[in-house]
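Visitor: Residue numbers (this note's numbering): 264 to 496. The beta carbon of each residue, even a glycine, is placed where N, CA and C say it ideally should be. It should be emphasised that the depicted structure is a prediction, and the values quoted were computed from it without experimental measurement.
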Amino acid sequence: MYFIFVSVGLAQQNQEIKSPSKKEDIQKFVEKIHWLGHDTFKIFNKLVIYTDPFKLKKADKADIILITHEHFDHCSPEDVKLIQTPDTVIVTTEDCAKKLSGNIKIVKPGDKINAMGVEIEAVPAYNTNKKFHPKEKNWVGYIFKVDGYRIYIAGDTDLIPEMKTFKDIDIALLPVSGTYVMTAEEAAEAAIDINPKLAIPMHYGSIVGSEADAKRFSELLKGKIDVVIKAQE
Numbered sequence: 264m265y266f267i268f269v270s271v272g273l274a275q276q277n278q279e280i281k282s283p284s285k286k287e288d289i290q291k292f293v294e295k296i297h298w299l300g301h302d303t304f305k306i307f308n309k310l311v312i313y314t315d316p317f318k319l320k321k322a323d324k325a326d327i328i329l330i331t332h333e334h335f336d337h338c339s340p341e342d343v344k345l346i347q348t349p350d351t352v353i354v355t356t357e358d359c360a361k362k363l364s365g366n367i368k369i370v371k372p373g374d375k376i377n378a379m380g381v382e383i384e385a386v387p388a389y390n391t392n393k394k395f396h397p398k399e400k401n402w403v404g405y406i407f408k409v410d411g412y413r414i415y416i417a418g419d420t421d422l423i424p425e426m427k428t429f430k431d432i433d434i435a436l437l438p439v440s441g442t443y444v445m446t447a448e449e450a451a452e453a454a455i456d457i458n459p460k461l462a463i464p465m466h467y468g469s470i471v472g473s474e475a476d477a478k479r480f481s482e483l484l485k486g487k488i489d490v491v492i493k494a495q496e
């Protein structure tokens, strides 16, 4: 009985030790997520993944480009050309695809694809109380998996009921500016619904919104969900 007790005790100790280390791991992974402004992120590890490239400062070589919809500040052919190679896979909606060329995979909400070994799911993104992003356009956000972490980038959306169905999200990239998308308060509600391990605010500081929106979002989630406000690069 003594040895059984000790082994269980050690197992419990190990679990207690591993819990904070998982949190540290996700914080380390977040260092690989670079915010380039607005909804543009560069996630760099074994692959280089860009989201909604807009107003890029320099050329690069992207493996995968995820574009959420056809508005100019998300689907920018000039910016895509700066990072596109013959091997780059572009995942986007039908209307944006018409503006681009190359290896393009067209998606709508509910579609699941695999690009270069990365699992990608297109999910709904739309406005509920404004007309900028109608649901019938079939514009999207994405849930995709990198290094075992499930990342959700919301695209231009309001707080929508589908968010409650998104499971096991590790990192949520959420718009906070209001006007065309969720306000900071609504984005905080969305984060509670999605329940990610960590959230990063976006969609501010460029066209609408400011860092004050990101800080408000962080304050509302204090003690509930970890928030990282990325410095724009």
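Using a Cβ distance threshold of 8 Å, determine whether the region 457-470 contacts the region 290-304, with at least three qualifying pairs required.
Guide: Judged by Cβ distances under 8 Å, the region 457-470 makes contact with the region 290-304, as three or more pairs qualify.
Visitor: With DSSP as the reference, identify every bridge partner of residue 413, one or two as the case may be.
Guide: 408
Visitor: Please report the straight-line C-alpha distance between residue 313 and residue 371, rounded to a whole angstrom.
Guide: 19 Å
Visitor: Assuming residue 372 is part of the beta strand (DSSP E), what are its boundary residues?
Guide: Careful: residue 372 lies outside any beta strand (DSSP E) and carries neither H nor E.
Visitor: Measuring straight from C-alpha to C-alpha, what distance separates residue 305 and residue 392?
Guide: The straight-line gap from Cα to Cα measures roughly 31 Å.
Visitor: Return the residue from the list 353, 410, 438, 463 that minimises the CA-CA distance to residue 226.
Guide: In this structure the chain extends from 264 to 496, so residue 226 is not present and cannot be described.
Visitor: Spatial neighbours of residue 284 within its chain, please: C-beta separation below 7 Å, excluding the five flanking residues on both sides.
Guide: Residue placement at residue 284 is poorly supported in this model, since its pLDDT is 42, which falls under 50; the coordinates still yield a value, given next. Excluding its 5 nearest sequence neighbours in each direction, residue 284 has no C-beta neighbour in its own chain below 7 Å.
Visitor: DSSP state of residue 339, grouped into three classes?
Guide: coil
Visitor: May I ask you to list the residues that DSSP assigns as paired with residue 418?
Guide: The partner list for residue 418 (beta bridge, DSSP) is empty, contrary to what the question assumes.
Visitor: Does the structure place the region 329-337 close enough to the region 427-438 that three or more beta carbon pairs sit under 8 Å?
Guide: no
Visitor: Below 8 Å, how does it come out for the region 438-453 and the region 474-484: are there three or more Cβ pairs, yes or no?
Guide: Yes, the region 438-453 is in contact with the region 474-484.
Visitor: For a quick check, are the C-beta atoms of residue 418 and residue 462 less than 8 Å apart?
Guide: no
Visitor: With a CB to CB cut of under 6 Å and the five nearest residues on each side skipped, what residues in its chain are close to residue 440?
Guide: Excluding residues within five positions, the ones whose Cβ falls inside 6 Å are 466, 467, 471, 472, 476.
Visitor: Could you check where the beta strand (DSSP E) with residue 434 kicks off and where it finishes?
Guide: Counting along the chain, the beta strand (DSSP E) containing residue 434 begins and ends at 434-438.
Visitor: Would you mind sorting residue 459 into buried or exposed? The rule is 16 or more other CB atoms within 10 Å of its CB.
Guide: buried
Visitor: Does DSSP put residue 459 in a helix, a strand or coil?
Guide: coil
Visitor: According to DSSP, is residue 464 helix, strand or coil?
Guide: strand
Visitor: Note down the Cα distance separating residue 288 from residue 347, rounded to an integer number of angstroms.
Guide: In a straight line, the C-alpha of residue 288 is about 30 Å away from that of residue 347.
Visitor: Quick one: give me the first and last residue of the alpha helix (DSSP H) that residue 357 is part of.
Guide: 357-360
Visitor: Run through DSSP, which three-state label would residue 299 get?
Guide: strand
Visitor: Between which two residues does the beta strand (DSSP E) carrying residue 385 extend?
Guide: 381-387
Visitor: What are the residues that DSSP puts in a beta bridge with residue 329?
Guide: Looking at the DSSP assignment, residue 329 forms a beta bridge with 314, 354.
Visitor: Let me confirm a value: residue 401 is counted as buried when at least 16 other C-beta atoms fall within 10 Å, else exposed. Which label applies?
Guide: The residue is buried, with at least 16 neighbouring Cβ atoms inside 10 Å.
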